[in-house]
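Number of protein chains: 2
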Amino acid sequence: MPDRAPIPRDTEAKLEHILRHAANIFASRGFGASSIREISRSSGVSLSGLYYYFESKQKLLYLIQSNAFTSILQSLEARLEGVRDPQRRLLLFIQNHLEYFMEHPAEMKVLSHEEDAIEEPFRKELLSIKRRYYTLARGIFDELNRDGRAAHLSPRVAVLCLYGMMNWVYKWHNPKVDPGAAELAESMTGIFLHGVLNGSGRARPAAPGGNKP
Amino acid sequence: MPDRAPIPRDTEAKLEHILRHAANIFASRGFGASSIREISRSSGVSLSGLYYYFESKQKLLYLIQSNAFTSILQSLEARLEGVRDPQRRLLLFIQNHLEYFMEHPAEMKVLSHEEDAIEEPFRKELLSIKRRYYTLARGIFDELNRDGRAAHLSPRVAVLCLYGMMNWVYKWHNPKVDPGAAELAESMTGIFLHGVLNGSGRARPAAPGGNKP
């Protein structure tokens, strides 16, 4: 059954409402098999109401993806503000990523599954937001490696392995048995920095302070 | 343009041929938006020829997925035969996984994106193959942790973080700039066991022998 929450009147909030419904539909049927008509039915917004915000399914897919990346980047930049320690920055990066996508599983699925469905000029615009995010992650990795301790690894491979750990979570995370975002972020930071065999009994053996939430 | 490779006469080989074409179509259009007619056109096998092998799109999706998992499990079991050292077993596990999916990117995409599209009774059958694979990975992790050095981590979380690293590769791997499966497997084994900050300048600092291919 479609979720018949009241449609917000505010333009911005109404767009958020539409994007949420659209993400749910794209996530469950796939972009190719979804229609604007279904999104209208699910969101309760008329077709002409929808066309006020976007003129095509492509634009809609772009809005879902850019909206997600912009939100995640904004909250990350706020969290990292004034934090210098790179291990702490890494923890915050992972925590922010996990929190966002655990709260937005449909968006995560759309981002992951419909990456190839997006066409120009939207593809190029998304790439530039994604690049900003990657550059931030890569910067943290480079700071961690200031003393050359990770010099045996390709930084690109290392960062993309981290992405993999984080981005695969939507496939398996079961809130009934698995830890929440904060604890999961601690475990991942530990694995990424020191491996599973660090033997310390703690997730972040070498983290100097700043480990408290 | 559809690939018009000659259709094999042998029943088994013909099925492989069909599954490959079907995987490519499901990967590019999505399962929901693909039709058996397209698969017939692409593979060059008539509709009635296709129905000899499967009676529904669901069965076809099941065959693609079970075929992939069965192949990967078989080649893994052959590789692990007689290998005792758990670090070496982990390396082989990762290498086998990466090799298979780098050679079968369409199957990887279908496995990842169409996991929810599969219905009963196929879902249950796939789950049992997947469980065999997970049990194998989990067994390697438990051997690695025989001395309790990974006791601070949930084994489930650790294994699924490893899955994430491996399964995300299809999203970013660019053969022009990124290392091949063997080198990538070394890097991942190193990160998973000892973290990026192991500082050894080698991927597997603590691996006693058995590191050569």
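Chains as they are written, first to last, in the numbering used here: chain A, 4 to 216; chain B, 4 to 216.
The beta-carbon is built from N, C-alpha and C at its ideal position, and this holds for glycine as well.
The structure presented is a predicted model; accordingly, all values stated were derived computationally and were not measured.
Identity of the residue in I97(A), E122(A), L163(A) and H24(A) nearest H176(B) by Cα: L163(A)
Could you spell out the range, first to last residue, of the alpha helix (DSSP H) harbouring L1(A)? Given a span of 4 to 216 for chain A in the structure shown, any question on residue 1(A) remains unanswerable.
Between the alpha carbons of L93(B) and L63(B), how many angstroms are there, rounded? 32 Å
Note down the Cα distance separating H116(A) from M111(B), rounded to an integer number of angstroms. 12 Å
Cβ contact (3+ pairs, closer than 8 Å) linking the region 151 to 158 of chain A and the region 51 to 65 of chain A: no
Taking only beta-carbon atoms, is V113(B) less than 8 Å away from chain C? Of the protein chains in the structure, A and B, none is chain C.
As a quick exercise: from N148(B), L165(B), S190(B) and A71(B), pick the residue whose alpha carbon is nearest that of D88(B). The option with the nearest alpha carbon to D88(B) is N148(B).
How far does the alpha helix (DSSP H) with E31(A) in it extend, from its first residue to its last? It should be noted that the sequence gives Ser, not Glu, for residue 31(A). That run of the alpha helix (DSSP H) goes T14 to R32.
Helix, strand or coil at G193(A) [DSSP, three-state]: DSSP places G193(A) in helix when its eight states are reduced to three.
Who are the near neighbours of I28(A) in its chain, counting only those whose CB is closer than 7 Å to its CB and skipping five residues on each side? Listed in chain order, the non-local C-beta contacts of I28(A) below 7 Å within the same chain comprise S37, E41, I42 and S45, local neighbours out to five positions each way being set aside.
Would you kindly work out how many angstroms separate the C-alpha atoms of G142(B) and L76(B), rounded to a whole number? 14 Å
Name the chain A residues whose beta carbon is nearer than 8 Å to that of D181(B)? The answer, in chain order, is S157, R159 and V160.
Report yes if the C-beta distance between L101(A) and A184(A) is below 8 Å; otherwise report no. yes
Could you give the distance in angstroms between the alpha-carbon of I132(B) and the alpha-carbon of Q98(A)? C-alpha separation (whole angstroms): 32 Å.
Express the C-alpha separation of S190(A) and Q90(A) in angstroms, rounding to a whole number. 13 Å
If you reduce the DSSP assignment to three classes, tell me which class R91(B) lands in. helix
Contact set between L187(A) and chain B, taken where Cβ atoms lie within less than 8 Å: Among the residues of chain B, those whose CB is under 8 Å from the CB of L187(A) are V160, following chain order.
Same chain, Cβ closer than 7 Å to N70(B), neighbours up to 5 away in sequence not counted: L22
Comparing the CB of W175(A) with every heavy atom of the ligand PLP, is any distance shorter than 7 Å? The ligand PLP is not among the ligands present in this structure, which contains no ligands whatsoever.
In terms of alpha-carbon separation, which member of E123(A), M105(A) and E118(A) lies closest to V172(A)? M105(A)
By the three-class DSSP mapping on this structure, what secondary structure does A81(B) have? helix
How would you list, in chain order, the residues of chain A whose beta-carbon sits under 8 Å from the beta-carbon of V86(B)? Within chain A, no residue comes near V86(B); the closest Cβ sits about 18 Å away, beyond 8 Å.
Using a beta-carbon distance below 8 Å, is Y166(A) in contact with chain B? yes
So for F57(A), helix, strand or coil by DSSP? coil
Rounded to the nearest angstrom, what separates Y136(A) and E58(B) at their Cα positions? 46 Å
Residues near D13(B) by beta carbon distance below 8 Å, same chain, minus five either side: none
Y54(A), buried or exposed, once every other Cβ within 10 Å from all chains shown has been counted against 16: Exposed is the call here.
So, is V86(B) buried or exposed, given that buried needs 16 or more other C-beta atoms within 10 angstroms? The residue in question, V86(B), is exposed, as its Cβ has fewer than 16 Cβ neighbours within 10 Å.
Straight-line gap, D181(A) to V160(B) (C-alpha atoms, nearest Å): 8 Å
By the criterion of Cβ-Cβ separation under 9 Å, what are the contact partners of F96(A) in chain B? Per Cβ cutoff of 9 Å: no residues; F96(A) is ~14 Å from chain B at best.
Answer with yes or no whether the minimum CB distance from A210(B) to chain A is below 8 Å. Residue placement at A210(B) is flagged as unreliable, the pLDDT there being 41, under the threshold of 50; the coordinate-derived value follows with that caveat. No Cβ of chain A is located within less than 8 Å of the beta carbon of A210(B).
For the alpha helix (DSSP H) containing P108(A), name the first residue and the last one. P108 to H116
Nearest to E15(B) (by Cα), restricted to the options G47(B), Y56(B), A25(B) and F34(B): Y56(B)
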